[in-house]
Amino acid sequence: MGTNGKTTHSAYGISPTALAPALAPPSGVPADALTEPGLLDNAVEETAAEAAAAPAAEAGLAAPEADGGGDGGTDLEGANAAAGETDEGEPAGLSDLEQLLEEPDPPEQEAASPDLGEESAPAETAAEMGTQEAEDHQDPPLTPVPDAPPAGSPTGVPILVGGADFVNAQATLMAYAAPDGPREVLLAHVNEESESRLLESLAVPQMVEAEVEETVQARVPLDEQHQLAEKVTAATSSLQHKLDYGLPASQSTLEKHQEAAKAVQAVLDTPGLSEQDQAMAQYYKDQVDLIGAKIASGGAPLPHFFPYTTETTQMVVKQVPGPAPEDTLAAQQRQASRINAELSAESGDACWDGQARSSANGTEYAIDLGEGWSAVYRPYSGNDVSTTEFSMRGQLEVHAPPGAGHGKELVGRLEQLNLINKPMTAAEGEWTYLTNNVTAQDLRDAPGMAQAFATTQGLEDMHVQELIQSRADSLIGLDGDTLHQEVKRIHLEAAHRSLPQRVQVLREAVAVATGHGSGQQLAASPGYQPTPNLSGRWLTWSRFDVAHNPAPFQKAFAGKALFHDVGGLGIADLFKTGVLASTERRATMGIQTEVGMSEQSDKYSGGANSVFLRISHSPAHLGAGRLVWDDPSVLLRRSDYYAYDEDNYGISPGKAKALHGMTRDPLQIAQHHHSGNEIMFRDGIDLLGAEAPSRIMCSAASERDKLLAQFADRGITHLGSRPVEEVLRLA
């Protein structure tokens, strides 16, 4: 019921890292070359002709030119389609393989393979493997994987994993302190695009769409007609951020409350209400009354508010179990949960016994990897974005048996889940850096960008065809399961062989979109840094527009600062860990719940994956418990933030109903003036390194002295570039 043998977690024979460093963009290539539809046409057409004319053993596909050359010909979309998927759900190149397998056995002759050092060598020769290893040696990982992460470290060890399976390509290796030895765990956030491959590895029936009759929770028609839920929710949200900071209700809040109260009362006064409509209207009346009481007397923040729903039967299209695949990992679907760790007050260690878990609203898979190894995955599919915790979707845990020394194998075991299982190399790092900048600088719709991404996919698909055709002899005769696994490996290898060319194409497109003369000029420009910043406990990618020239952004933020008000944890305890961590990160660190504001609401909005800062004018005197960044460009050079000019509980840009007004543009953020504005930074901020705040507002001299002593014990003399004595201020 699972591939639990000892060989299942070994590293791929073909390394899923780039086989060569990223190539410099060619000189003399015009900027509009990216939009020429002939970029791939010739290579695809010539290859197709050769494959049709030659016997299987002679079929080969010439590697595309490094400069992406080729004259204009047929439509690029057609070329990409030729190199892409042939049937729905079928990997690119699989139909080519089936065609080859249907042909009679080729004559005994040596296959021409452009990738092999010797014409007479089979597809997987020792010489090729040696070349592979040499190339890997020349392109070391950006973040080496430790044999054993430090036991008890609340933040663990951040690493970068090759490919694009994880958000920001990042994973964290944890080693929780436990009575029977460290509990080592890999934590990561899987990208939604990679989920289908992960689910293919599980012996849980795949979900397929079907129309079924189901009892569901739905809003009452009278509620939708009068929009009671929308009006009461608006009043609740308007008051919430005021309560968070002990502020009186604004005029806007009062007006929204009055509008909601009037609408609810009008429904209650309607003659002949059914029992259901009466219950619905009274539910909203109770919430309106609670808002009124909070407006009058203040107090703790309001609980998360849900619209009134009732059970009803209707025909719905939903995901239902399909036939379970064979030769996969045993998995059990269950209610979602999280590691229930605890941060020791005495030692400062993150402790977990390997068993305790806290419940969450959603579903997850508990996966048996064999030999005492296991995994937990909380999927995107099956977790409704409107009713379950949005921030947990895509979370992956890989658990080692008790004891130390499993760091490298934790990464290696990702292969069992059909995920890339090698550390990220520099070539892969530049791809991640560029794609992050495309998102951060809102370049997705820039002229030529869509064509560039289509071209990069076409390059990868061509390498898939090349590898399948060159290895036809070794693939003929394999059983279905083995063939399926080999094709998966070919896809991984193709992704990495094509990576230098894909980086070159994307770099050129980004250069054009940002006003640089060429990709070469972009790569040579100040601020272009295709490697992550390791700032203490976090790995972050920068955006070159801010890093290149921070002066315009500093000017836009003149007289303003970013700040964060520390919640229930307290400043002294916060600096024991040295990080300002998101709700989801705090859970893995073992920090108690309810230390942040609106934690439960943030889980449903997706904001629980980020920390919240606000922008405001920067007075000389501030209240206690506030962290201040007087130069916002210190943080805004990161590429992983987004912002709203109002309090939206950090609603994630990935959520289907993300609110209007979200931006990643620092110059727009500088104009935000609403008191509830928010800027969300993924995972957290390192408080002790380059991202440290410029001011820490202490409540009293005793608190300041306590922090000074704490820093002295740890040998910390500066935060960022400032002496700690200058940073620690009295409120």
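So for the sequence shown, the working numbering puts the first residue at 354; every next one is plus one. C-beta: ideal position from N, C-alpha, C; glycine also.
Answer yes or no: do Val669 and Val565 have a C-beta to C-beta separation smaller than 8 Å?
A contact, by the Cβ cut-off of 8 Å.
Looking at Ile843 and Gly515, is the spacing between their C-beta atoms short of 8 Å?
With contacts defined as CB atoms closer than 8 Å, Gly515 and Ile843 fail to qualify as a contacting pair.
Could you spell out where the beta strand (DSSP E) holding Pro511 opens and where it closes?
Note, Pro511: beta strand (DSSP E), 510-513.
Look up Arg913 in the DSSP assignment and say whether it is helix, strand or coil.
Sequence inspection shows Lys at residue 913; the Arg mentioned does not correspond to that position. For Lys913, the secondary structure class from DSSP, reduced to helix, strand or coil, is strand.
Beta-carbon gap between Val569 and Gln667 smaller than 8 Å:
With contacts defined by Cβ atoms closer than 8 Å, Val569 and Gln667 form a contacting pair.
Following the continuous alpha helix (DSSP H) through Asp832, name the residue where it begins and the one where it ends.
Unbroken run through Asp832: none, as it is neither H nor E.
Anticipated Cβ contact below 8 Å, Gln640 with Thr589, distance rounded:
Your pair Gln640 and Thr589 checks out as a contact, with CB atoms roughly 7 Å apart and the cut at 8 Å.
To the nearest angstrom, how far is the alpha carbon of Thr930 from that of Gly701?
Rounded to whole angstroms, Thr930 to Gly701 spans 8 Å at the Cα level.
What is the rounded straight-line gap between the Cα of Thr606 and the Cα of Thr586?
If you draw a straight line from the Cα of Thr606 to the Cα of Thr586, it is about 11 Å long.
For Gly1068, which residues of its own chain have a beta-carbon under 8 Å away from its beta-carbon, when the five flanking residues on both sides are left out?
No residues qualify anywhere along the chain.
Pair every Cβ in the stretch 684-692 with every Cβ in the stretch 706-717, then say whether three or more of these pairs are closer than 8 Å.
Short answer: they touch.
Please report how far the alpha carbon of Tyr786 lies from the alpha carbon of Ser895, in whole angstroms.
Going from the Cα of Tyr786 to the Cα of Ser895 covers about 8 Å.
Just tell me which of Glu695, Phe906, Ser591, Glu664 has its CA closest to the CA of Gly645.
Answer by Cα proximity: Ser591.
Any chance you could list the beta strand (DSSP E) runs of at least 3 consecutive residues sitting entirely within the stretch 613-681, in chain order?
Entirely contained in the stretch 613-681, the beta strand (DSSP E) runs reaching 3 residues are, in chain order, 663-674.
Simplified DSSP assignment, three categories, for Tyr718:
In the structure shown, Tyr718 adopts extended strand secondary structure according to DSSP, grouped into three states.
Residue range of the alpha helix (DSSP H) that Ala780 falls in?
From DSSP, the alpha helix (DSSP H) with Ala780 extends over 779-793.
Determine, using beta carbons only, whether Ser1005 and Val899 come nearer to each other than 8 Å.
Remark: C-beta atoms of Ser1005 and Val899 do not approach each other more closely than 8 Å.
Please check the pair His816 and Arg766, which I expect to be a contact at CB under 8 Å, by giving their CB distance rounded to whole angstroms.
Actually they do not touch by this definition, with Cβ atoms about 26 Å apart.
Kindly give me the distance between the Cβ atoms of Ala501 and Gly758, rounded to whole angstroms, as I take these residues to be in contact under 8 Å.
In this structure, Ala501 and Gly758 form a Cβ contact; the two beta carbons are roughly 5 Å apart against a cut-off of 8 Å.
Can you have a look at Leu1083 and say buried or exposed, based on whether 16 or more other CB atoms are within 10 angstroms of its CB?
The residue in question, Leu1083, is exposed, as its Cβ has fewer than 16 Cβ neighbours within 10 Å.
Around the Cβ of His970, are there at least 16 other Cβ atoms within 10 angstroms (buried) or fewer (exposed)?
Counting C-beta atoms within 10 angstroms of its own C-beta, His970 has fewer than 16 neighbours from the protein chains shown and is therefore classed as exposed.
Quick one: Cα of Phe659 to Cα of Ser954, how far?
CA-to-CA, the gap between Phe659 and Ser954 works out to about 10 Å.
Under the three-state DSSP convention, the category Ser969 falls into
In the three-state DSSP reduction, Ser969 falls in the strand class (E or B).
Using only alpha-carbon positions, find the residue among Asp622, Leu859, Ala914, Ala602 that is nearest to Ala1023.
Comparing Cα positions, the closest option is Ala914.
Buried or exposed by the 16-neighbour rule on C-beta atoms within 10 Å, applied to Arg687
Under this definition Arg687 is an exposed residue.
Simplified DSSP state of Ala386, which is helix, strand or coil:
Here Ala386 scores only 31 on pLDDT, less than 50, and its place in the model should not be relied on; the value that follows carries that caveat. Ala386 carries a helical assignment under DSSP once its states are collapsed to helix, strand and coil.
Distance, Cα to Cα, Val510 vs Gln945?
If you take the alpha carbons of Val510 and Gln945, they lie about 21 Å apart.
Just checking, does the stretch 996-1004 make contact with the stretch 900-908 on the three C-beta pairs under 8 Å criterion?
Result no; under three Cβ-Cβ pairs closer than 8 Å.
Can you name the start and end residues of the beta strand (DSSP E) that Met1050 belongs to?
Counting along the chain, the unbroken beta strand (DSSP E) around Met1050 starts and ends at 1048-1051.
Please state if the CB of Val932 and the CB of Gly1037 are separated by a distance shorter than 8 Å.
Yes, Cβ-Cβ distance for Gly1037 and Val932 is below 8 Å.
To which residues of the same chain is His579 closer than 8 Å at the C-beta, ignoring the five residues directly before and after it?
So the list reads Ala616, Ala619, Val620, once near-sequence residues are dropped.
Check for me: the beta strand (DSSP E) holding Ser1055 runs from which residue to which?
Note, Ser1055: premise wrong, no beta strand (DSSP E); alpha helix (DSSP H) at 1054-1066.
Are Arg951 and Met1033 close, meaning C-beta to C-beta below 8 Å?
One point to set straight first is that residue 951 is Ser, not Arg, in the sequence displayed. In this structure, Met1033 does not lie closer than 8 Å to Ser951 by Cβ.
For Ile692, list the residues DSSP reports as bridge partners.
Beta-bridge pairing links Ile692 to Arg710.
State the Cα-Cα distance for the pair Thr788 and Ala522, rounded to the nearest angstrom.
Going by the C-alpha atoms only, they are around 11 Å apart.
Against chain D, with Cβ distances strictly below 8 Å, would Ser1028 count as a contact?
Of the protein chains in this structure there is only one, and it is not chain D.
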